[in-house]
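Asker:
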Amino acid sequence: MPELPEVEVVRRGLDAHVVGRVIETVDVFHPRAVRRHLPGAIDLARRLEGQTIASAERRGKYLWLVLEPSDVALVVHLGMSGQMLVQPPSAESEKHLRIRARLDSGMDLRFVDQRTFGGWALAELVTVDGTVLPDSVAHIARDPLDARFDPDAVVKVLRSKKTEIKRALLDQTVVSGVGNIYADEALWRAEIHGNRPTDRLTGPRLRCLLESVESVMTEALAQGGTSFDALYVNVNGQSGYFDRSLAAYGQENMPCPRCGAPIQREKFMNRSSYSCPNCQPRPRVVRG
DNA sequence: TATATCTCCTGCGGGC
DNA sequence: TGCCCGCAGGAGATAT
7 MPELPEVEVV
17 RRGLDAHVVG
27 RVIETVDVFH
37 PRAVRRHLPG
47 AIDLARRLEG
57 QTIASAERRG
67 KYLWLVLEPS
77 DVALVVHLGM
87 SGQMLVQPPS
97 AESEKHLRIR
107 ARLDSGMDLR
117 FVDQRTFGGW
127 ALAELVTVDG
137 TVLPDSVAHI
147 ARDPLDARFD
157 PDAVVKVLRS
167 KKTEIKRALL
177 DQTVVSGVGN
187 IYADEALWRA
197 EIHGNRPTDR
207 LTGPRLRCLL
217 ESVESVMTEA
227 LAQGGTSFDA
237 LYVNVNGQSG
247 YFDRSLAAYG
257 QENMPCPRCG
267 APIQREKFMN
277 RSSYSCPNCQ
287 PRPRVVRG
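Residue numbering for the first sequence is 7 to 294, as defined by the working numbering.
(1) Work out the CA separation of R211 and R202 for me, nearest whole Å.
(2) Expressed to the nearest angstrom, what Euclidean distance is found between the alpha-carbon atoms of P261 and D190?
(3) Would you list, in sequence order, the uninterrupted alpha helix (DSSP H) runs of no fewer than 4 residues that lie entirely inside the segment 170-195?
(4) How big is the Cα-Cα spacing for P150 and I59?
(5) Residues in the same chain with beta-carbon distance under 7 angstroms from Q120, minus the five sequence neighbours each way, listed in chain order, please.
(6) Answer with buried or exposed for C265, where buried requires no fewer than 16 other C-beta atoms within 10 angstroms of its C-beta.
(7) Spell out a yes or no on whether the segment 74-81 and the segment 108-119 are touching, meaning 3 or more CB-CB pairs, one atom from each, closer than 8 angstroms.
(8) Specify the secondary structure class of I269 as computed by DSSP and reduced to three states.
(9) Closer than 7 angstroms by C-beta to F155: which residues in its own chain qualify, once you throw out the five before and the five after it? Chain order, please.
(10) Report the rounded CA-to-CA distance for G256 versus E170, giving the unit in angstroms.
(11) Could you give the first and the last residue of the continuous beta strand (DSSP E) run that contains T224?
(12) What span of residues does the beta strand (DSSP E) with P140 cover, start to end?
(13) From S142, L164 and G183, pick the residue whose C-alpha is nearest to that of C214; which is it?
(14) Would you call the CB atoms of G230 and L10 closer than 7 angstroms?
(15) Can you grab the Cα-Cα spacing for the pair D144 / V134, in whole Å?
(16) From this set, K162, T179 and E258, which residue's C-alpha is nearest R206's C-alpha?
(17) Excluding the 5 residues flanking P95 on each side, which residues of the same chain have their C-beta closer than 8 angstroms to its C-beta?
(18) What does I59 pair with, by DSSP beta-bridge criteria?
(19) Could you check if R298 is buried or exposed, using at least 16 other CB atoms within 10 Å of its CB as the buried criterion?
(20) With distances taken between CB atoms, is the gap from T204 to K167 smaller than 7 angstroms?
(21) In the DSSP assignment, find the unbroken alpha helix (DSSP H) run with H23 in it and report its ends.
(22) Since P268 and A253 are thought to touch, with beta carbons under 8 angstroms apart, how far apart are those beta carbons, to the nearest angstrom?
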């Protein structure tokens, strides 16, 4: 599942392989892949054709291509299974190919998405807090790898909320880029149970948690950067290249790397949470 | 207004 | 062998 490190790997691939190229033609094969572009697939294709890809940018799990001369952004969200592939036109179409853009380089930029949670949409660029970004991304908070990320401000927001810490970590308007996997890993590193109320965690503990988020993402990014073929922009959400380094997520009944206690799996927000029952004790009183 | 829950989607694995 | 069901989860919509 693409979270911030995986999306950043894709952004770097796009930066290397499609920036500077002109979009010649666009074909949309599945309407759900452009559902966030309200004027529809025909409008999206028409407005993309002839545009030059000026840059590849990212905030959290959102990435976008800045287009010239229209000066709008093609916003891409990978959802759970989205891939942005640079392929020669002769390459066989992928089973879940949703959108194909042909570039003046003679290559295809393909959006492949099995579960169709992701998609493409055009958005106007706006300036928010000194940063230019698509208006559809304006509500997304800065991520921990953003040079202007302010951990003290995030700690303040967290302490003002009346919710559980894992819910808050997954809230992209508080801190962006964190999904279920890295939330569990960061909570394990900080030795905090995900059900702990945010307003009962001290500033230093929250600060420690944010540092854990940054460190786990930085390490994952370093590994992800070595796992892709240099000729392609290739994301495979199922490859699990960071699996070897996971301490908690998906490690049910495996020994905690810190204390040896078996990692437990619990249901949380209609999904799974993994934690060490010894290092990350549940709060005695769960808000309910 | 803030927070919690539901829904969308496809492929896989397990149980019967 | 084939069918059914649960699971995976990001984020917007809807409910509380």
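Where a beta carbon is used, it is the ideal one built from N, C-alpha and C, also for glycine.
Answerer: To lay it out plainly:
(1) It is roughly 12 angstroms from the alpha-carbon of R202 to the alpha-carbon of R211.
(2) The alpha-carbon atoms of P261 and D190 are separated by roughly 15 angstroms.
(3) Correct list: 171-176.
(4) C-alpha separation (whole angstroms): 26 angstroms.
(5) Here the set comprises S87 and H102.
(6) Label assigned to C265: exposed.
(7) Result no; under three Cβ-Cβ pairs closer than 8 angstroms.
(8) It is coil, neither helix nor strand.
(9) Non-local C-beta neighbours of F155 in its own chain, meaning closer than 7 angstroms and more than five positions away in sequence, comprise R148 and D149, ordered along the chain.
(10) A straight-line Cα-Cα distance of about 21 angstroms links G256 and E170.
(11) No beta strand (DSSP E) contains T224, which is instead part of the alpha helix (DSSP H) from G209 to G230.
(12) Per DSSP, the continuous beta strand (DSSP E) segment holding P140 begins and ends at T137 to P140.
(13) Per the Cα distances, L164.
(14) The answer is no: Cβ separation not under 7 angstroms.
(15) The sequence as given places Ala at residue 144; Asp does not occur at that position. Taking the CA atoms as reference points, A144 sits about 7 angstroms from V134.
(16) Comparing Cα-Cα distances from R206 to each of K162, T179 and E258, the minimum goes to K162.
(17) So the qualifying residues of the chain are R108, G112, M113 and D114.
(18) Bridge partners of I59: L73.
(19) Outside the modelled stretch of the chain, which goes from 7 to 294, sits residue 298, for which no answer is possible.
(20) For T204 and K167, yes; Cβs fall inside 7 angstroms.
(21) Where H23 is concerned, the enclosing alpha helix (DSSP H) stretches over L10 to H23.
(22) Not quite, the Cβ-Cβ distance comes to about 13 angstroms (not below 8 angstroms), so this is no contact.
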